[in-house]
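For what it's worth, our numbering labels the leading residue of the sequence shown as 12, then goes sequentially.
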Amino acid sequence: MGLIKELIKGLRVTGGTMVRTIAGDELVTTEYPHEMRVKPQRFHGRHVLNRYPDGMEKCIGCQLCAGACPAQCIYVRGMDNDPESPTSPGERFGYVYEINMLRCIFCGLCVEACPTEAITMTSLFEISTTTREDAIYTKETLLMDRRGNVPHMFPDDELADLDELDTADGWLRATAPSGVAAYEGVQMWQGTPGPADWSPEPSQEERDRRAGDGEEDG
Ligand code: SF4
Ligand code: SF4
């Protein structure tokens with residue numbers, strides 16, 4: 012008898028949830044891919060190689076990203092810049108840059124390791140391919156053009172919301188050296204295709220004041 016009672020109790024919960032879902036009250040699914048969800052600011056999507064506003068490539072071919080990658084999926088080869096017509100502001104630039112997306116675990120350590128903010132991540136995750144070769148992203152696919160547009164391997168892919176290539180992740184902001192007092196009020200982020208125009212991080216006093224006033228930190 013007790014068992015039947017428990018069963019009915021359980022079914023009541025299931026039935027109630029089903030009715031509320033059908034009525035739309037608890038609907039959590041969306042009509043993907045027609046309806047895309049807004050990604051969290053710190054979402055780790057496919058990578059992009061950035062340029063400076065003057066068009067120079069940010070990558071200096073140092074290979075730190077490749078060294079930091081736990082999946083060993085980055086291959087970089089640096090080359091000396093032509094002094095007459097340099098590709099990057101450093102001595103060298105990233106001549107070959109490849110990421111094997113089949114291996115990537117989207118941890119973002121490459122982004123953390125990069126000293127020039129050359130490699131960052133966008134919000135795009137629709138990157139499935141039909142061949143293994145297509146999953147190897149080359150510099151051609153990763154590097155933004157001089158106008159700041161990020162290329163996509165399959166621009167006609169119906170599933171890919173290409174606007175998401177323009178939204179970079181925001182988690183770097185929290186790890187930028189703005190904690191050092193000398194950088195207080197200084198914007199630490201160079202313009203990228205993403206939401207690059209962040210205001211400078213507030214000082215500790217400002218944070219404390221906002222917290223005291225119940226305002227959101229920002
Ligand atoms: S996100 Fe992580 S796994 Fe992917 S390339 Fe960067 S460091 Fe490697
Ligand atoms: S992306 Fe950054 S860390 Fe990687 S090689 Fe280029 S400059 Fe170095």
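Ideal Cβ positions, reconstructed from N, Cα and C, are used throughout, including at glycine. Everything numeric in this text was worked out from a predicted model, so none of it was measured.
- In this structure, residue 154 and residue 60 form a Cβ contact; the two beta carbons are roughly 4 Å apart against a cut-off of 8 Å.
- For residue 101, same chain residues with a beta-carbon under 6 Å away, outside a window of 5 residues either side, are 71 in chain order.
- According to the DSSP assignment, residue 109 belongs to the beta strand (DSSP E) that extends over 103-111.
- With contacts defined by Cβ atoms closer than 9 Å, residue 121 and residue 77 form a contacting pair.
- Taking the Cα positions, residue 67 is about 6 Å away from residue 98.
- Here residue 135 carries a coil assignment [DSSP, helix/strand/coil].
- Within its own chain, the residues whose Cβ lies closer than 8 Å to the Cβ of residue 92, once the five positions on either side in sequence are excluded, are 98, 99, 101, 102, 103 and 104, listed in chain order.
- Spanning the alpha carbons of residue 86 and residue 107 requires a straight line of approximately 7 Å.
- In this structure, the CA atom of residue 73 is about 36 Å from the CA atom of residue 169.
- Each residue's CA atom was taken as its position, placing residue 23 and residue 15 some 12 Å apart.
- Closest in C-alpha terms to residue 64, from the list 147, 158 and 37, comes 158.
- At least one heavy atom of ligand 2 lies less than 8 Å from the C-beta of residue 72.
- In its chain, beyond the 5 residues on either side, 152 have a beta carbon closer than 6 Å to the beta carbon of residue 162.
- For residue 22, there is no enclosing beta strand (DSSP E); the residue is part of the alpha helix (DSSP H) that begins and ends at 13-34.
- The shortest C-alpha to C-alpha distance from residue 175 to any of 17, 137 and 18 is the one to 137.
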